[in-house]
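Each step along the sequence shown adds one to the number in the UniProt record's numbering, with nothing skipped, and position 103 is 103.
No residue lacks a Cβ here, since even glycine has one placed at the ideal position from N, Cα and C.
As the structure is a prediction and not an experimental result, all values here were calculated from the model.
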Amino acid sequence: MWGRASGVKGGRIFGRVPGGSPPAGVNPDEDVVPSAESRTAVARVIAVTSGKGGVGKSNLTVNLGLALAALNQRVIILDADLGLANVEVLLGISPPCTLYDCLYRDRDIREVLVPAPGGVQFISGGSGFLELANLDRARWQRLLTSLALLDNLADFILIDTGAGLSKNVLGFLAAAGEVIVVITPEPTSLTDGYSLIKVLARFKVHREVLLAVNRAGSEQEALATVRRVGTVADRFLGLPVTYLGAIHEDRAVIRAVRNQRPFYLAEPRSQPARSVAAMALCLTGGGFREEPPRPGFRGFVQRLARLFDR
Ligand SMILES: Nc1ncnc2c1ncn2[C@@H]1O[C@H](COP(=O)(O)OP(=O)(O)O)[C@@H](O)[C@H]1O
Ligand SMILES: [Mg+2]
């Protein structure tokens, strides 16, 4: 089962060569970029999460969003994590309205959407309220009804969630059709990542977990890290873990944070930038993987019920 990390090609298996150029036989211009006609109307909603904070979720979300936009995808990034170096800081923007205005002040979510560098659109999470209060079921319904208005405005909606297992984080994970779990090779990140995957396995709302390794010292270390988590998850949890790619420990990330200009734009030749480009290719298909269904946020009702009725 765990052959997925090994680069086997075909079907839904898409173990990737992290940080490399596009896979052999794939021409990004011809094969990967879907034409406007072939696009489905409803967005793929992908939550980026981690067991432990500070592992690189926000940097991955922003730069993956930019890499998807470069593949001609319409991308909305939703910041649902207000931890360290949040998305608007990384993008160097400061939106006037946030999700808070939408939830508590009746603002239409489409008015909260702002253009960001690199052709992506962005929704700010607002000043910490997602961290402070657990939204109740009614507020979730309202939030997700608002978010469903975005389904036709994007091909991908990336949600940068907080770390850990708070009800709000779990709500966003349940609302998303796909989940990327970010881990680093640190033992604490591995154990926290595994605990998170265990909860996702219990949810039974996702058919697989996408795993991204950040701050890897080398390709070997990244693969060893993925194997450690993936083997256990496959064997004991029955939830397939698919390796999406690895970003190496690289000063380009630190410079990007400091300069408030994402590394995908500032240093496109860096390993981190090439790695997110490869991840974006994987997500858009490129012949490696069946496209998952695109339920957008509309499919949330059953998923939400599962979360709150457990
Ligand atoms: N690949 C990397 N190489 C070097 N430093 C990194 C890398 N990824 C993250 N960092 C550092 O870790 C910090 C936290 O990253 P961030 O994306 O904000 O994490 P999270 O969103 O998970 O809290 C960054 O500001 C940066 O200094
Ligand atoms: Mg963050």
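Residues that DSSP places opposite residue i in a beta bridge
i: residue 115; result: 121
i: residue 144; result: In DSSP, residue 144 forms no bridge with anything.
i: residue 209; result: 241
i: residue 75; result: 156
i: residue 98; result: 124
Cβ neighbour criterion (16 or more within 10 Å) applied to residue i
i: residue 92; result: exposed
i: residue 235; result: exposed
i: residue 215; result: buried
i: residue 247; result: buried
i: residue 224; result: exposed
i: residue 27; result: Below a pLDDT of 50, predicted positions are generally treated as unreliable, and residue 27, at 38, falls in that range; no measurement from the model is reported.
i: residue 37; result: Residue placement at residue 37 is flagged as unreliable, the pLDDT there being 42, under the threshold of 50; the coordinate-derived value follows with that caveat. Classification for residue 37: exposed.
i: residue 274; result: buried
i: residue 284; result: buried
Neighbourhood of residue i by C-beta distance below 7 Å, restricted to the same chain and skipping five residues each side
i: residue 139; result: 103
Nonlocal neighbours in the same chain, by C-beta distance under 6 Å from residue i, ignoring five residues either side
i: residue 23; result: Note that residue 23 has pLDDT 32, beneath the 50 cutoff, so the model's placement of it is unreliable and no number is given.
i: residue 47; result: 159, 161, 172, 173, 176, 179
i: residue 266; result: 256
i: residue 184; result: 55, 214, 215
i: residue 194; result: 229
Unbroken beta strand (DSSP E) run spanning residue i, endpoints
i: residue 244; result: 241-248
i: residue 178; result: 178-183
Run of the alpha helix (DSSP H) containing residue i, from where it starts to where it stops
i: residue 49; result: No alpha helix (DSSP H) contains residue 49, which is instead part of the beta strand (DSSP E) from 44-50.
i: residue 71; result: Taken as a continuous stretch (DSSP letters only), residue 71 belongs to no alpha helix (DSSP H), as it is neither H nor E.
i: residue 162; result: Looking at the DSSP string, residue 162 is not in any alpha helix (DSSP H); the run it does join, the beta strand (DSSP E), is 156-163.
i: residue 198; result: 187-203
i: residue 168; result: 167-175
i: residue 267; result: Careful: residue 267 lies outside any alpha helix (DSSP H) and carries neither H nor E.
i: residue 230; result: 219-232
i: residue 235; result: Segment: none, residue 235 is in no alpha helix (DSSP H) and carries neither H nor E.
Contacts around residue i, its chain only, beta-carbon distance under 8 Å, and the 5 residues preceding and following it disregarded
i: residue 134; result: 166, 167, 168
i: residue 107; result: 97, 101
Decide yes or no for the touch test of the region 242-259 against the region 217-234: beta carbon pairs closer than 8 Å, at least 3 of them. yes
Can at least three beta-carbon pairs, one atom from the region 42-57 and one from the region 136-156, be found at a separation below 8 Å? yes
Taking 8 Å as the cut-off, does the region 268-287 touch the region 49-69 (at least 3 CB pairs, one atom from each stretch)? yes
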